[in-house]
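Quick note: the sequence shown uses the UniProt record's numbering, first residue 1, plus one each step. Virtual Cβ for every residue (Gly too), placed ideally from N, Cα, C. One structure is given below, encoded as structure tokens.
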Amino acid sequence: MEGTQARHEALGLDEGDLLRMYRLMLLARRVDERSWILNRQGKAAFVISCQGQEAAQVGAAMHLRPGYDYVYPYYRDHGIVLTLGMTARDEMLALLAREEDPNSGGRQMPGHFSSRELNIVTASAPIAVQFPQAVGSALAFKMRGEDGVVLACGGEASTSEGDWHEAMNFAGVHGLPVVFLIQNNHYAISVPEPLQVAGSIARRAEGYGFPGVEVDGNDVLAVYEAAGEAFARARKGEGPTLIEAKTYRLTAHSSDDDDRRYREREEVEQWRLKDPIPRFERYLMENGVLDEAARDRIDAEVREEVREASEYAENAPVADPDSVLEGVYAEGV
Ligand SMILES: Cc1ncc(C[n+]2csc(CCOP(=O)(O)OP(=O)(O)O)c2C)c(N)n1
Ligand SMILES: [Mg+2]
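In structure tokens, the structure reads:
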């Protein structure tokens, strides 16, 4: 234990909260691992991973009120949508493009999350287009006098796009209840951060008139703390915050990428030592929240949940080809 009060106690988190966070991070990881296996078996066409970024995602999403706040995730945000209430089964149905996929009925690529119920706004494939939309939702909350907040996510390379700067400026001008969570994993596919990002991302917020903070994105409690302050500010009408969570992508960019061509294995191994899941596990053990038996039980439960989900999705029907144009254009208007 560090000091007299453990870090989580100072943040108002009890053991139940901590175990929920741990379980969600583990669930995101196991769903992801299973997805790669299904891809290598030729069953899943495409995988885009969250591995390494689970702390940044779960730590931030713990503050959201599902179905009230609005969320504009990016394609790696499995940890965010699972925290909001999507299930391993939903993830697997989307991965295998089944009719029952709640995101899009199998029409979108995996990682293009969407849920009316959970206020997860459907994503388009071009990088950063979610940001101007996100500030629009934040403006709606403000105009209605509601205390909803919007979470808008992206990778570090998304901050090179005009859309991001326009959204940041608009959020600053109107003092909107939006939190920009940039997950800086140091690569944009094969392009390393020094060739993509000039200066500091977090400090760019100053130019738009609101706070920007840099946080260790592999430390779930640090992200929880930073996001808690950001969401509290937004709810009180004090405007936007930018959070730059420094993290690392442990897998290749996607199942169509071979990262051995542009980064050294030693670098990946160094970051594996900072893997957010074992790191949080160590914290929980040191603080008497988790022991080996509990860890093994949670892991077994999560593995079973993922196994059941993937079996269910494999056996679920694909969409009827005749329905391919449904949901593309508005009907009956
Ligand atoms: C406007 C646009 N340009 C390029 C792409 C191709 N693309 C898809 S993901 C990606 C990398 C984005 O990197 P980053 O924002 O750092 O997120 P990460 O994948 O590292 O999490 C690129 C270039 C795209 N989808 N849209
Ligand atoms: Mg990146």
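Between residue i and residue j, what straight-line distance do the alpha-carbon atoms span, to the nearest angstrom?
i, j, result
"residue 358", "A188", "This structure leaves residue 358 out entirely; the chain is present only between 1 and 333."
"A44", "A309", "14 Å"
"G12", "V213", "21 Å"
"G162", "R272", "33 Å"
"D256", "N39", "10 Å"
"R89", "V306", "7 Å"
"V333", "I80", "34 Å"
"A123", "G67", "17 Å"
"L250", "F170", "34 Å"
"T247", "A56", "8 Å"
"R261", "S190", "8 Å"
"G148", "A245", "23 Å"
"V324", "M109", "14 Å"
"D17", "L24", "11 Å"
"L221", "D69", "21 Å"
"V268", "V328", "41 Å"
"I37", "G228", "36 Å"
"E311", "E266", "36 Å"
"A313", "L195", "40 Å"
"A316", "T87", "16 Å"
Confirm the yes/no value for this check: CB of residue i, any heavy atom of ligand 1, distance under 6 Å.
i, result
"R76", "yes"
"residue 409", "As displayed, the chain neither begins before 1 nor continues past 333, which places residue 409 out of reach and without an answer."
"N185", "yes"
"P126", "yes"
Using only the heavy atoms of ligand 2, determine whether one of them is closer than 6 Å to the beta carbon of residue i.
i, result
"A188", "yes"
Tell me whether residue i is buried or exposed, calling it buried when 16 or more other Cβ atoms sit within 10 Å of its Cβ.
i, result
"T4", "exposed"
"K236", "exposed"
"Y283", "buried"
"Q183", "buried"
"Q51", "buried"
"A330", "exposed"
"N103", "buried"
"N185", "buried"
"D101", "buried"
Please work out which residues of its chain come closer than 6 Å, Cβ to Cβ, to residue i, disregarding the five sequence neighbours upstream and downstream, and give them in chain order.
i, result
"C153", "P73, Y74, D77 and L181"
"A138", "V150, L176, P177 and V178"
"R144", "none"
"A167", "F131, P132 and V135"
"S254", "I48"
"R279", "none"
"V197", "E156"
"A6", "N287"
Please go through the same chain and pick out, in chain order, the residues whose beta-carbon is closer than 7 Å to the beta-carbon of residue i, but skip the five residues on each side of it.
i, result
"S35", "A44, V47 and L95"
"R233", "G239 and T241"
"G106", "A97, R98, E99, V318 and A319"
"L26", "I277, I298, D299 and V302"
"A128", "G154, S158, E161, D163 and W164"
"D258", "A252"
"M62", "M21, T83 and Y224"
"I120", "V71, P73, V81, L84, F113 and S114"
"G172", "Y208, G209, F210 and P240"
"D32", "S49, C50, Q51 and H78"
Keeping to the same chain, check which residues put their C-beta closer than 8 Å to that of residue i; ignore five residues upstream and five downstream.
i, result
"R29", "C50, Q51, E54 and I277"
"N218", "G52, A55, A56, K246, T247, Y248, K274, D275, P276 and R279"
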